[in-house]
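The next block holds one structure in the form of structure tokens; read it before the comments.
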Amino acid sequence: MKRTHHCNELRPAHIGQTVTLTGWVHSRRDLGGLLFLDVRDREGRTQTVFDPSDLPNALFESAAALRSECVVRVTGKVRQRPAGTNNPKISTGEIEVLAQSLEVLNMADVLPFPVDDPEIAGKVNEELRLKYRYLDLRRPEMARNLRLRSKVAGATRQFLDEQGFLEVETPILFKSTPEGAREFLVPNRREPGTFYALPQSPQQFKQILMVGGVERYYQLARCFRDEDQRADRQLEFTQIDIEMSFIEREDVYALVEGLLKRIWKTALDIDVPTPFRRLRFEEALNRYGIDKPDTRFGQELADFTEEFRGSAFKVFSGAVAGGGVVKALNAKGLAGATQGQIETMTEYAKSFGARGLAYIKIENGEWKSPIVKFFSDAEKAALTAKLQIEEGDLILFAADHWLNACEILGKIRLYCADVLREQGKLTVDSKRFDFLWVVDFPLLSFDKEQNRWYSSHHPFTAPVAEDIPLLKSDPKKVRGQHYDIVVNGVELGGGSIRIHQPDVQKTVFEEVLQIPPAETKLRFGYLLEAFRYGAPPHGGIALGFDRLIAILCDTPSIRDVIAFPKTAKGVDLMTDSPAPVPPRQLRELYIEVKSAKSP
Ligand code: ASP
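Mapping the sequence shown onto numbering that gives the first Met the number 0, position 325 (from 1) lands on 324, and the numbers just tick up by one.
Encoded structure:
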């Protein structure tokens, strides 16, 4: 089934040569008795011409009977396109192949949606695209995404190999562990009532590999989390998973900066400046209201707690008296916000338990807001100075406890930026990548409902050494040696220096997280034991590979960079999975289903 060239190869230099191409009929046109078939393969497309006056009848007729996406092999002579008919949009646009023979390798039914027209194909309902994923993958945009994914995987492996890392595979059939998300369980036929679990990440295996002396591990690891799908999550996804021994945080930063630099250069030919900025967790929240800030635009949050401590406006002074803060942000140029937009922002505030949203529109030289009459001149002057208030601005407030106030305004900041972007009042360069490390996260967060501490990241993260004595006495103050890597408001990944001392790990499990000792033993006994036989200090990180590729492909959806993704409901529409199984199979697994779809 040989071809002499691929469909993106022929140029004027080939004129006069006899060539053979294979591929799909991308499009066909009948013009003045001639038949034009564009043949497409993975690389591109080439125009072939069938001239009835030159060809046996049967051959011409079989060409004329072809429809889009039939599979063909065409042999013919390369010639210059007639003057004025060049197609500058494709790189083979100066030549065409005058067909001499045609072999139809396969016919194609009428397609459920066209793949040749990017305009139409881009608008096809996603469910249809997923059901016929093999057709969707033929679209040049999707083919490009897969190719870029493969290229970046290659660059990643090459870079990490150069740095002395070993690629090690860890089990997919693992054990249930409380790492956060709900797990997929796999029943064990050999012992009723026992289960494997699919790994949420290879976290424990990679740490054990460090105990095993591997020193530098990586894996493009498939991870599974049975979470109700938020907009852009998948039940299974891929991480660039990394772990190293005898290192500190700085070593991880330097390694990942080098890796991302290599990836951006390979994929986009962009030189990313390093080292990346670092932002402390607290500062990220104070300034941007979120722990993964988009720093490509300003509109930073400002603090007015002191200014409003004694204010006549009781909503603010009351919040401060209760230990809260007053924060505000200036959405520059958004005084014309519609009622609907204000309502959307108010809903954000309410979703955090706030009673409403205080705001001021600066219009026609006036501060328009029912609350302004309560403000003193000094308060107004402070607002003007810190927020650089001008005509046309919209000022939004949050008075609440610190985290809530930050997060409310953080959401509003992003929302306003979207609105301003749509109105053309804010431009964000799509070629700009603001990488940053968020560091100094609190090791623990408090769950009010359950009245206990839980790990902000995972229970293996090491506390900052000098904070270890506070673990039991003042857990809130303990900083974790955790770091997140963020680009343009997207969390690309995170990791930490791990606990490697068995006693510290045991304290965290049992005394801080209050996991009963029997359960600790059951779930983590092997890890604690491993740590007793000479565990080196170690740490690592995992980067979300799908998200990384989506950013490089400039697509908002990770489904566009995964060959066979599932829908938001976790369904594979092409294979129609998940699906019922025959009773015999269930019996073998000692499973009885209480209410089921019949097979
Ligand atoms: N296992 C962690 C995660 O999946 C990453 C890490 O700490 O290396 O989020």
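Each residue gets a CB set at the ideal place from its N, CA and C atoms; glycine is no exception.
This one's a predicted model, so the numbers in the text were calculated from it and none came from an experiment.
Query	Result
Coarse secondary structure for Gln-415, derived from DSSP in three states	It is Cys, not Gln, that sits at residue 415 in the sequence shown. Note: Cys-415 maps to helix in three-state DSSP.
At least 3 beta-carbon pairs within less than 8 Å: the region 372-386 vs the region 325-341	yes
Three-pair Cβ contact test at 8 Å for the region 13-21 versus the region 59-79	yes
Rounded straight-line distance, which links the Cα of Glu-235 to that of Asp-227	12 Å
Contact between the region 94-114 and the region 56-66 (3+ Cβ pairs under 8 Å)	yes
Residue ranges of each beta strand (DSSP E) within the region 22-110, 3 or longer	33-39, 44-49, 70-79 and 94-105
Sufficient close CB pairs (3 or more, under 8 Å) joining the region 193-209 to the region 285-298	no
For Gly-662, the residue or residues it bridges with in DSSP	An answer regarding residue 662 cannot be provided, because it is not within the stretch 0 to 598 covered by the chain.
Which of helix, strand or coil DSSP assigns to Thr-17	strand
Whole-angstrom distance between Thr-343 and Leu-333, CA atom to CA atom	14 Å
Straight-line gap, Ser-495 to His-400 (C-alpha atoms, nearest Å)	28 Å
Cut-off 8 Å between Cβ atoms - residues of its own chain near Thr-506, not counting five sequence neighbours on either side	Leu-470 and Lys-471
Continuous alpha helix (DSSP H) stretch holding Arg-148: start and end	139-161
Cβ-based neighbour list, Glu-126, same chain, cut-off 8 Å, excluding 5 preceding and 5 following	Thr-566 and Leu-572
Contact under 9 Å by Cβ, Tyr-482 with Phe-440	yes
Beta-carbon gap between Arg-435 and Phe-275 smaller than 9 Å	The amino acid occupying residue 435 in the given sequence is Leu; Arg does not appear at that position. Yes; because the gap between Cβ atoms is below 9 Å, this pair is in contact.
According to DSSP, residues forming a beta bridge with Ala-327	Ala-301 and Phe-396
Cα-Cα separation, Glu-247 to Ala-464	12 Å
Span of the alpha helix (DSSP H) around Ile-590	That residue, Ile-590, is in no alpha helix (DSSP H); it is neither H nor E in DSSP.
Gln-199: CB within 8 Å of a non-hydrogen atom of the ligand ASP	yes
Any non-hydrogen atom of the ligand ASP closer than 8 Å to Lys-150 Cβ	no
Supposed close pair Asn-85, Gly-92 - CB separation, criterion 8 Å	5 Å
C-alpha distance - Ala-311 paired with Thr-345, whole-angstrom precision	23 Å
Asp-135 in three-state terms, based on DSSP	helix
Simplified DSSP assignment, three categories, for Thr-426	coil
Residues of its chain near Gly-172, where Cβ-Cβ distance is below 7 Å and the 5 sequence neighbours each way are ignored	It should be pointed out that residue 172 corresponds to Leu in this sequence rather than to Gly. If we look at Leu-172 and ignore the five residues flanking it on each side, its Cβ neighbours are Val-185 and Tyr-195.
Beta carbon of Leu-526 nearer than 9 Å to that of Ile-207	yes
Cβ pair Ala-318, Ala-398 closer than 9 Å	yes
Neighbourhood of Ile-514 by C-beta, 6 Å cutoff - its chain only, sequence neighbours within 5 removed	Phe-508
Range of the contiguous alpha helix (DSSP H) that encloses Leu-386	376-386
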